[in-house]
Amino acid sequence: MEAERLGELWNFLICHRGLRNKVPPGQSLRAGEGSLAHYYHFDATEAEKAFFMRFIKSQGFMLRYFDADMIPGIPVGGFQYVMLRDPRPEDNEIPAWIDPVAVLNQLKIRGQELSKGQLQVWFFVLWQNFLGLIYTNMRREATHVSEYVRATFTRAQLVESVTRFIQELREEADIPENSPVRVLFESRTGDVITRVNAFIRILEQVNHIRENRDKSYTQTLLSAKALEESYQQDLKHLIPHPELSHSMFSDLYPNYPASEAGTDEAAGGDSVSET
3 MEAERLGELW NFLICHRGLR NKVPPGQSLR AGEGSLAHYY HFDATEAEKA FFMRFIKSQG
63 FMLRYFDADM IPGIPVGGFQ YVMLRDPRPE DNEIPAWIDP VAVLNQLKIR GQELSKGQLQ
123 VWFFVLWQNF LGLIYTNMRR EATHVSEYVR ATFTRAQLVE SVTRFIQELR EEADIPENSP
183 VRVLFESRTG DVITRVNAFI RILEQVNHIR ENRDKSYTQT LLSAKALEES YQQDLKHLIP
243 HPELSHSMFS DLYPNYPASE AGTDEAAGGD SVSET
């Protein structure tokens, strides 16, 4: 594979984590996506594909292929590659594929000085409520990948869910005075809206959701597969210390299933250091 083609493929995939040749009505291919998909699928030799697979594996990724016969949401004659995390057993840690500081900084609000731990708390709460909307509310397990096409939510629903969680946490949980979690209790309605807006932008940037014509949002195939196969390695650098965990959601919401995509394992496994 020519170095130029290798660079084009890698740059596109590390940015978008997916490659398509066709999209359903109402969606658009990204610039250069169709030609790259055609090249890799039809023009690259098996040896070149094997080389590229070894290359992305060395970066901690793997490539999965899907077509219209395998999963809904792909047009007839279409196919899609998604690039998932591929942690190697010999590695204790794989590097973040995005800059966690840059991502968490998007949750900052002007005039509020928050620590990294406090920003991680916000990300965790936003993420768990997002999972609640597209998994728990649908009685959907992480293995139900094909249901991503109907995993839809609105901005207002996420704001309402987060606001309700914070209020119930304030009333029912015993949070130490020096805990970063208490930053949630200092939030106003406007703060929740601002951070939900920022969180949605983050999800769009990492290709976990796409916006629909009616301004609702739907989960992507990448997101569904990442949650099923490798989420514990995908965004783990954004998840906070164990003081805030899935058990908090289980205590407040007894119907929040441990088997679904919101467990400690799905949410990043063991804690991530604040260093």
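Going by my numbering, the first residue of the sequence shown is number 3, and it counts up by one from there.
Quick reminder that beta carbons are idealized off the backbone N, C-alpha and C, glycines included.
Exposed or buried, residue i, counting other C-beta atoms within 10 Å across all chains shown (16 or more means buried)?
i: D88; result: buried
i: K227; result: buried
i: Q114; result: exposed
i: S37; result: exposed
i: N214; result: exposed
i: Q130; result: buried
i: Y83; result: buried
i: R166; result: exposed
i: G9; result: exposed
i: G34; result: exposed
i: Q221; result: buried
i: A52; result: exposed
i: A5; result: exposed
i: Y67; result: exposed
i: L21; result: buried
i: E48; result: exposed
i: L11; result: buried
i: A153; result: buried
i: G79; result: exposed
Who are the Cβ neighbours of residue i in its own chain at under 6 Å, not counting the five residues just before and after it?
i: R19; result: M85, N209, L224
i: G75; result: V151
i: I177; result: V183, R184
i: F14; result: L38
i: I73; result: S148
i: E188; result: none
i: T196; result: I111
i: P259; result: Caution applies to P259, whose pLDDT of 42 falls short of 50 and renders its modelled position unreliable; the value that the coordinates give is listed next. So the list is empty, once near-sequence residues are dropped.
Per DSSP, which residues does residue i bridge with? Please list them.
i: F63; result: R87
i: F155; result: Y219
i: G20; result: V84
i: D69; result: F81
Looking only at its chain, what residues have a beta carbon closer than 8 Å to the beta carbon of residue i, apart from the 5 residues adjacent to it on each side?
i: F44; result: none
i: V1; result: The shown model of the chain, from 3 to 277, leaves out residue 1, and the question about it has no answer.
i: P77; result: K24, V25, P26, A70
i: R212; result: Q29, E206, Y219, T220, T222
i: V161; result: V194, I195, V198
Going by beta carbon distance, what residues of the same chain come within less than 7 Å of residue i, once the five residues before and after it are set aside?
i: K59; result: D88
i: H40; result: N23
i: R32; result: H18
i: F63; result: M85, L86, R87, D88
i: D193; result: I111
Do the segment 121–141 and the segment 170–187 touch if we need at least three Cβ pairs shorter than 8 Å?
Short answer: they touch.
Which full runs of the beta strand (DSSP E) of 3+ residues lie inside the segment 168–220, going along the chain?
Fully contained in the segment 168–220 are the following beta strand (DSSP E) runs of length 3 or more, in chain order: 211–213.
The segment 197–205 touching the segment 102–118, judged by at least three CB pairs closer than 8 Å
Touching, yes.
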